[in-house]
Amino acid sequence: MMGRRSFLCALGTGVVLPLITDRDGPNRPEDRRVHLIDVHIAGFRYYEGVKPEVARSLRVGDDVILRREPENAYDEKAVEVYTRSGLKLGYLPRADNSIVASLADQDIDLRAELCFLDSGAGFREWPGVRVYQLI
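Quick note on numbering: the UniProt record's numbering labels position 93 of the sequence shown as 93, and the sequence is numbered without any gaps.
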């Protein structure tokens with residue numbers, strides 16, 4: 001008969017071992033994303049992304065950089081959005097940035113990419129950004 005300690009040890013091994021071996025799978029980086037939010041970029045029309053030459057270079061799926069701006073006079077949870085080349089596109093909307101800001105403040109590994117572009121319509125709709133956490 002299996003005792004309680006032996007049972008719990010066997011149960012723990014059964015749960016942990018698949019997690020360890022699954023990490024080394026060939027396509028794991030995509031599977032390690034936790035989707036947090038899709039939002040339009042606030043303030044886009046005030047920054048570099050609205051310039052025609054920059055707008056033409058933006059593509060859905062392009063990685064963007066998120067930067068916390070805790071000293072922002074208008075929003076203490078401000079999160080800026082930049083292209084990989086350092087051009088400022090705008091901010092995550094104030095109504096939607098608190099979770100991302102809190103995670104960034106804890107040095108959680110966050111990534112973002114452009115998920116919606118309406119450049120053909122002269123940006124009547126601002127571009128969207130998808131934010132996810134890597135685990």
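C-beta atoms are modelled at their ideal positions from N, C-alpha and C, and glycine is treated no differently.
### Query
With distances taken between CB atoms, is the gap from Arg68 to Ala95 smaller than 7 Å?
no
### Query
According to DSSP, is Asp105 helix, strand or coil?
helix
### Task
Can you grab the Cα-Cα spacing for the pair Val50 / Leu89, in whole Å?
8 Å
### Cβ-Cβ distance between Leu110 and Leu66 below 7 Å
yes
### Query
By Cβ distance, which residues of its chain are closer than 7 Å to Tyr47, with the 5 residues on each side in sequence left out?
Lys88, Leu89 and Gly90
### Message
Rounded to whole angstroms, what is the Cα-Cα separation between Thr21 and Arg33?
### Response
Because the pLDDT of Thr21 is 42, which lies under 50, any placement of that residue in the model is unreliable, and the number read from its coordinates should be weighed accordingly. Rounded to whole angstroms, Thr21 to Arg33 spans 18 Å at the Cα level.
### Task
Helix, strand or coil for Tyr76, going by three-state DSSP, please let me know.
Just to set this straight, residue 76 is Glu in the shown sequence, not Tyr. The answer is coil: DSSP assigns Glu76 none of H, G, I, E or B.
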